[in-house]
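Residue 171 is where the sequence shown ends in this note's numbering, and the numbering goes up by one at each step.
Glycine included, C-beta positions come from ideal geometry on N, C-alpha and C.
A quick note: this is a predicted structure, and the numbers were derived from the prediction, not measured.
Take a look at the structure below.
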Amino acid sequence: MPSRSSRATAPKTHPDDRSLNHLRYRALAEPTRQAPTAYDPLPSVPRLLTELGQEDFWGRYAQIRGDAEHFHPDYLATRRRSVLLLRAVIADLFALADPANTRAAVEAGRAANALRRADWLLTCNGEQARSWLRGQFQKWETREHPHPPNCPGG
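Dropping the structure here:
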């Protein structure tokens with residue numbers, strides 16, 4: 018009869034584990050393979066998520082408070098465009114992290130085309146849209162970001 022210690026088994030895991038932690042660590046560990054050629058320097062996903070939250074907040078702030086007349090329409094349009102841009106860049110980074118994942122590439126292409134539609138441009142295939150997106154992100158990174166109307170520095 019085997020002893021109790023020999024009967025202890027490791028926790029069972031499925032070889033095709035698709036948990037969120039698995040995807041998160043894999044995506045964060047692998048962008049350095051292909052992404053530096055697409056983005057130079059490589060943007061930080063946590064920084065992009067923080068900026069996405071800020072842009073979305075300021076874009077919705079006037080609507081929730083009901084004082085949209087104090088916010089210039091160009092300011093609100095720029096904030097909405099920035100949200101679309103950052104969402105598309107994050108999707109593109111995840112698609113670059115796993116080139117074998119065609120679904121991530123398709124979603125990144127859709128996100129880039131959503132930005133193109135918002136800019137009143139024709140949509141194109143996913144790879145062309147993602148290439149265009151990278152140029153737009155470089156322009157966005159180097160521009161001066163607007164201050165909210167109630168900002169002491171703005």
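Item: Residue span of the alpha helix (DSSP H) that contains tyrosine 92, given as start and end; Value: 90 to 114
Item: Alpha-carbon spacing of asparagine 130 relative to glutamate 144, whole angstroms; Value: 10 Å
Item: Whether glycine 76 touches arginine 96 by CB criterion (8 Å); Value: yes
Item: Short Cβ contact (8 Å threshold) for leucine 69 with leucine 103; Value: yes
Item: Below-8 Å beta-carbon distance, leucine 113 vs any chain D residue; Value: Among the chains of the structure shown, chain D does not appear; only one protein chain is present.
Item: Which of helix, strand or coil DSSP assigns to threonine 159; Value: helix
Item: Separation of aspartate 136 from proline 116, as counted between CA atoms; Value: 28 Å
Item: Burial state of glutamate 72 (16 or more Cβ within 10 Å); Value: buried
Item: Alanine 121 beta carbon less than 8 Å from that of alanine 128; Value: no
Item: Phenylalanine 74 versus arginine 151: straight-line alpha-carbon distance, rounded; Value: 24 Å
Item: Distance CB(leucine 132)-CB(leucine 110) smaller than 8 Å; Value: no
Item: Other residues of its chain near cysteine 141: CB distance less than 8 Å, five sequence neighbours each side excluded; Value: Asn130, Arg133 and Trp149
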